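In the numbering used here, the protein residues as written are 1 to 478. Virtual Cβ for every residue (Gly too), placed ideally from N, Cα, C. Values in this document were obtained by computation on a predicted structure and should not be read as measured data. Structure record follows, encoded as structure tokens.
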Amino acid sequence: METLEKLLEQAIKKTIPKKKVGLLFSAGIDSLMLAYYLKKLDYDFVCYTAAYENSEDLKFAKEAAKLLNLKHKFKIIKLKQIPNYLKKIVPILENPSPINVPIALTVYVASELAKKDNIKLVISGLGSDEIFGGYSRHKLSKDLNKDLKEQLQSAYDNDLPRDITTTNLLKIKIVAPFLEKQLVNYALEIPAEHKIKNNVNKLILRELAIKNNIPEKFAFRPKKAAQYGSKFDKAIEKLAKKQTKTQYINKFINLGVLFSSGKDSCYSAYLMQQQGYNLACLITIKSKNLDSFMFHTPNINLTELQAKAIQLPLLTQITTGKKEDELKDLEKVLKLAKKKYNLQGITTGALFSQYQSERIGKIAKKLNLKVFSPLWHKDQEQELHELLKNNFEFIISSIAADGLTKEWLGKQITEKEIKKLVELNKKNGLNIAGEGGEYESLVLHCPLFKKRLKILDSKIKMENEYTGKYLIKKAELW
1 METLEKLLEQ
11 AIKKTIPKKK
21 VGLLFSAGID
31 SLMLAYYLKK
41 LDYDFVCYTA
51 AYENSEDLKF
61 AKEAAKLLNL
71 KHKFKIIKLK
81 QIPNYLKKIV
91 PILENPSPIN
101 VPIALTVYVA
111 SELAKKDNIK
121 LVISGLGSDE
131 IFGGYSRHKL
141 SKDLNKDLKE
151 QLQSAYDNDL
161 PRDITTTNLL
171 KIKIVAPFLE
181 KQLVNYALEI
191 PAEHKIKNNV
201 NKLILRELAI
211 KNNIPEKFAF
221 RPKKAAQYGS
231 KFDKAIEKLA
241 KKQTKTQYIN
251 KFINLGVLFS
261 SGKDSCYSAY
271 LMQQQGYNLA
281 CLITIKSKNL
291 DSFMFHTPNI
301 NLTELQAKAI
311 QLPLLTQITT
321 GKKEDELKDL
331 EKVLKLAKKK
341 YNLQGITTGA
351 LFSQYQSERI
361 GKIAKKLNLK
371 VFSPLWHKDQ
381 EQELHELLKN
391 NFEFIISSIA
401 ADGLTKEWLG
411 KQITEKEIKK
421 LVELNKKNGL
431 NIAGEGGEYE
441 SLVLHCPLFK
451 KRLKILDSKI
461 KMENEYTGKY
471 LIKKAELW
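Here it is in structure tokens:
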């Protein structure tokens, strides 16, 4: 315990400069011990607590601050204020999950208080659970320190980047003394029986608190994760109402839809909308090369009518369609869409095409956009059945495969046609969903559409027995 205390003090000295700093304070054992040693080491610091109404963390934080004579400031966020915070926080998180978002909200609001006091650095208790065994699941561990070492990596890879990204929004730095290397190395050698005993987690840290005359009420307060102690998890649940928390959170993420007029791009957009994401715009590439390696070309002009049916803005980019050069045009329009519609990601209808997926992913990464491909590696027959189940109406707009003859062009796909496509797959390996370019489709109506596409004039143009196009000369919405 003496060695641990010495290393904890050293960790604070190493990671925290001697200037006015802020402490993210929940009055759990981790922030409580940091507050104790910051005071012992004569730091100039203020404790900050962020909470929703009836927060347990705030109740304990007020009591602990009074008991230890700490400078303490807090902010209680009303329900109606939370969406405005989420608009800032959710889009910048790598993984905006129902766990990460309320934690990030806690960090942000507390750090915002620090910023008002002109504080440039805040201190977090992150890492204590991972080196002392703070979670309930640790009680079941058969090799605690081995498990802690593995879980510590998650704190470095996921939790710390989340908190850094959040405080960066406020131009504030965050440090976590419990993650200081010497302290970590020593803590991971402490025998498990000193960490968990008689159903008590982080025992040695709690005993250290008792040794320093911190009342048992605080020293042995059961762990309450930030999202629960602050009650922000409960607030987000209230705001979600009939939605799931994930769906509610996703609505703060703006997506651009790579849109070709066909079933795959429409269906992927629909699936992302069902998950709560906000579809901000449609993005279409019109290739002068009708045999583009990247982009759908049959009846591509109809994306304008479809965009009106969906009631979303459409950005269109012309490309020569020259292999690889066409990617520059894709990057150009994605860059414009990101700026114009504040996009955080794009959705694609990719099923199996590694060629397309890799190139889109590379451009998106360059532009700091996430890529969502909800159909990726989905069973192709299953996709077609799902489309019909979700009331998608679509026709075949081009064919280029043995077994697909003129009669298929302009044909609406029903269960009957799916059965025939399955038979062709068994006979000659045809991709049931047309992923290999065997056919292209055009969506006439789906749940995204407010109006239906009606074809008024069309013609069929055949190149040979199994290759042809259904050219739509005139269409309208009704």
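Output yes or no for whether 7 Å exceeds the beta carbon distance between residue i and residue j.
{"i": "residue 384", "j": "residue 267", "result": "no"}
{"i": "residue 258", "j": "residue 281", "result": "no"}
{"i": "residue 133", "j": "residue 34", "result": "no"}
{"i": "residue 50", "j": "residue 109", "result": "yes"}
{"i": "residue 102", "j": "residue 236", "result": "yes"}
{"i": "residue 474", "j": "residue 252", "result": "no"}
{"i": "residue 283", "j": "residue 262", "result": "no"}
{"i": "residue 342", "j": "residue 472", "result": "no"}
{"i": "residue 174", "j": "residue 163", "result": "yes"}
{"i": "residue 165", "j": "residue 111", "result": "no"}
{"i": "residue 398", "j": "residue 440", "result": "yes"}
{"i": "residue 309", "j": "residue 449", "result": "yes"}
{"i": "residue 357", "j": "residue 230", "result": "no"}
{"i": "residue 206", "j": "residue 218", "result": "no"}
Assuming residue i and residue j form a contact by the criterion Cβ under 8 Å, report the distance between their Cβ atoms to the nearest whole angstrom.
{"i": "residue 127", "j": "residue 178", "result": "3 Å"}
{"i": "residue 43", "j": "residue 16", "result": "7 Å"}
{"i": "residue 12", "j": "residue 38", "result": "7 Å"}
{"i": "residue 8", "j": "residue 203", "result": "Not confirmed; about 15 Å, so no contact."}
{"i": "residue 410", "j": "residue 396", "result": "7 Å"}
{"i": "residue 334", "j": "residue 375", "result": "20 Å between Cβ atoms; not a contact."}
{"i": "residue 250", "j": "residue 275", "result": "6 Å"}
{"i": "residue 48", "j": "residue 113", "result": "5 Å"}
{"i": "residue 24", "j": "residue 122", "result": "6 Å"}
{"i": "residue 406", "j": "residue 462", "result": "6 Å"}
{"i": "residue 67", "j": "residue 36", "result": "Contact flag wrong, Cβ pair sits at about 11 Å."}
Out of the options, point me to the one whose CA is closest to residue i's CA.
{"i": "residue 467", "options": "421, 205, 402 and 478", "result": "402"}
{"i": "residue 359", "options": "97, 434, 24 and 295", "result": "295"}
{"i": "residue 447", "options": "106, 115, 269 and 74", "result": "269"}
{"i": "residue 104", "options": "462, 349 and 227", "result": "227"}
{"i": "residue 317", "options": "308, 77, 330 and 310", "result": "330"}
{"i": "residue 311", "options": "452, 84 and 97", "result": "452"}
{"i": "residue 454", "options": "328, 302 and 377", "result": "302"}
{"i": "residue 141", "options": "439, 196 and 96", "result": "196"}
{"i": "residue 147", "options": "341, 157, 176 and 188", "result": "188"}
{"i": "residue 135", "options": "173, 200 and 368", "result": "200"}
{"i": "residue 419", "options": "394, 391 and 382", "result": "382"}
{"i": "residue 191", "options": "145, 458 and 264", "result": "145"}
{"i": "residue 336", "options": "118, 460 and 369", "result": "369"}
{"i": "residue 264", "options": "221, 394 and 217", "result": "394"}
{"i": "residue 350", "options": "378, 243, 326 and 364", "result": "378"}
{"i": "residue 289", "options": "307, 321 and 54", "result": "321"}
{"i": "residue 193", "options": "143, 232 and 213", "result": "143"}
{"i": "residue 153", "options": "169, 139 and 131", "result": "131"}
{"i": "residue 391", "options": "211, 445, 338 and 421", "result": "445"}
{"i": "residue 456", "options": "470, 476, 442 and 246", "result": "476"}
{"i": "residue 99", "options": "245, 36, 138 and 222", "result": "245"}
{"i": "residue 19", "options": "116, 120 and 66", "result": "120"}
{"i": "residue 92", "options": "344, 21 and 241", "result": "344"}
{"i": "residue 70", "options": "198, 81 and 27", "result": "27"}
{"i": "residue 233", "options": "417, 57, 408 and 415", "result": "57"}
{"i": "residue 185", "options": "149, 155, 158 and 210", "result": "149"}
{"i": "residue 79", "options": "380, 460 and 241", "result": "241"}
{"i": "residue 73", "options": "22, 460 and 428", "result": "22"}
Comparing the C-beta of residue i with each C-beta of chain B, is any distance below 7 Å?
{"i": "residue 137", "result": "Chain labels in this structure do not include chain B; a single protein chain is all it has."}
With respect to the alpha helix (DSSP H) encompassing residue i, which residues constitute its N-terminal and C-terminal limits?
{"i": "residue 470", "result": "No alpha helix (DSSP H) contains residue 470, which is instead part of the beta strand (DSSP E) from 467-477."}
{"i": "residue 333", "result": "326-341"}
{"i": "residue 246", "result": "245-250"}
{"i": "residue 76", "result": "Note, residue 76: premise wrong, no alpha helix (DSSP H); beta strand (DSSP E) at 72-76."}
{"i": "residue 216", "result": "216-219"}
{"i": "residue 306", "result": "303-310"}
{"i": "residue 354", "result": "354-366"}
What span of residues does the beta strand (DSSP E) with residue i cover, start to end?
{"i": "residue 59", "result": "Per DSSP, residue 59 belongs to no beta strand (DSSP E); it is in the alpha helix (DSSP H), 56-68."}
{"i": "residue 372", "result": "370-372"}
{"i": "residue 462", "result": "453-464"}
{"i": "residue 396", "result": "393-400"}
{"i": "residue 18", "result": "Here residue 18 belongs to no beta strand (DSSP E), and DSSP marks it neither H nor E."}
{"i": "residue 438", "result": "Counting along the chain, residue 438 falls outside any beta strand (DSSP E), and DSSP gives it neither H nor E."}
{"i": "residue 45", "result": "45-51"}
{"i": "residue 227", "result": "No beta strand (DSSP E) holds residue 227; the alpha helix (DSSP H) holding it covers 226-229."}
{"i": "residue 346", "result": "345-347"}
{"i": "residue 255", "result": "254-258"}
{"i": "residue 79", "result": "Residue 79 -> no beta strand (DSSP E), and no H or E assigned at all."}
{"i": "residue 318", "result": "314-319"}
Every unbroken beta strand (DSSP E) inside the segment 87-148 [3 residues or more]: 121-123
Uninterrupted beta strand (DSSP E) stretches inside the segment 263-290 (no shorter than 3 residues): 278-287, all fully within the segment 263-290.
Any alpha helix (DSSP H) of 4 or more consecutive residues that is wholly inside the segment 158-188: 160-168 and 181-187
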